[in-house]
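Encoded as structure tokens, the structure appears first; notes follow it.
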């Protein structure tokens, strides 16, 4: 069964304190791995798509990496405005052509000034 | 470019009623997917549509249905509402099947 597990569930950081969020996945052939950010009461906001092991993508203070079993979202020198829930999702390469996303439970990040 | 829009943003219904939610995708996007988000289950896939055809359906009862129109707009319907249907319903659009999905703000449904 395709599955995504994110850790930790919650993370509190001081402003400027770098850290990493983990996303472990088991899927019958990975088509793509996606990172989203979700603020309370809003829809998920797209951050990154990764397709193959070894791939890395960066945007401001965020960097996403991918291996064959997991992905990391590295946050460098975070600011309070980075506080949000970060969601990881995978698309499986199955026999049917589908874009169905399988989500993890998310990591809620709080950055204190 | 306008993002994904969903209407209404908030709904309060009572058990047994039915509800229809609407989604307008990003201009040019032909694929629309629906997800249910609850605190306990997280984000769960409901359906996926492309060119007015349902491409995939999640593990939800038959009370949940949807459709897509020729202009790519989509609706989902939930009949005979139950308390457990209270959730944030999210619509996402993409250029095609398997492409990056962009989410709307969601419709918050409360069933009393």
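Residue numbers (this note's numbering), protein chains in the order written: chain A, -12 to 100; chain B, 4 to 115.
Note that CB positions come from ideal geometry on N, CA and C, so glycine has one too.
What you are looking at is a predicted structure, and each value in this text was computed from that prediction instead of being measured.
* Can you give me the Cβ contacts of residue 89(B) inside the same chain, cut-off strictly under 8 Å, excluding the 5 residues immediately before and after it? => Closer than 8 Å at the Cβ level, and outside the excluded window around residue 89(B), lie 41, 112, 113, 114.
* Asked: Apart from the five residues just before and just after residue 52(B), which ones in its own chain have a Cβ nearer than 6 Å to its Cβ?
  -> Hits under 6 Å: 35, 71, 77.
* State buried or exposed for residue -8(A), treating a residue as buried only when at least 16 other CB atoms are found within 10 Å of its CB. => Per the 10 Å Cβ criterion, exposed.
* Same chain only: Cβ atoms within 8 Å of residue 88(A), ignoring 5 sequence neighbours per side -> Hits under 8 Å: 21, 76, 77, 78.
* Asked: DSSP on residue 87(B), reduced to helix/strand/coil?
  -> In the three-state reduction of the DSSP assignment, residue 87(B) falls in the helix class.
* Evaluate residue 38(A) with the Cβ neighbour count: other Cβ atoms within 10 Å of its Cβ, from every protein chain shown; 16 or more gives buried, anything less gives exposed. => It counts as exposed.
* Under the three-state DSSP convention, the category residue 55(B) falls into -> DSSP places residue 55(B) in coil when its eight states are reduced to three.
* Hey, is residue 69(B)'s beta-carbon within less than 9 Å of any beta-carbon in chain A? -> Under the Cβ criterion of 9 Å, residue 69(B) is not counted among the residues facing chain A.
* Could you work out which residues of chain A lie near residue 102(B), taking near to mean beta carbons separated by less than 8 Å? => Those within 8 Å of residue 102(B) in chain A are 86.
* Asked: Considering only residues of the region 49 to 91 of chain A, which uninterrupted alpha helix (DSSP H) runs meet the minimum length of 4 residues and lie entirely inside it, listed in chain order?
  -> Counting only runs of 4 or more, we get nothing.
* Interfacial residues, the region 16 to 50 of chain B to chain A, with Cβ spacing under 7 Å -> Cβ contacts with chain A: 34, 36, 45, 46, 48.
* Simplified DSSP assignment, three categories, for residue 9(A) -> In the structure shown, residue 9(A) sits in a strand (DSSP, three-state: E or B).
* How big is the Cα-Cα spacing for residue -12(A) and residue 2(A)? -> Going by the C-alpha atoms only, they are around 38 Å apart.
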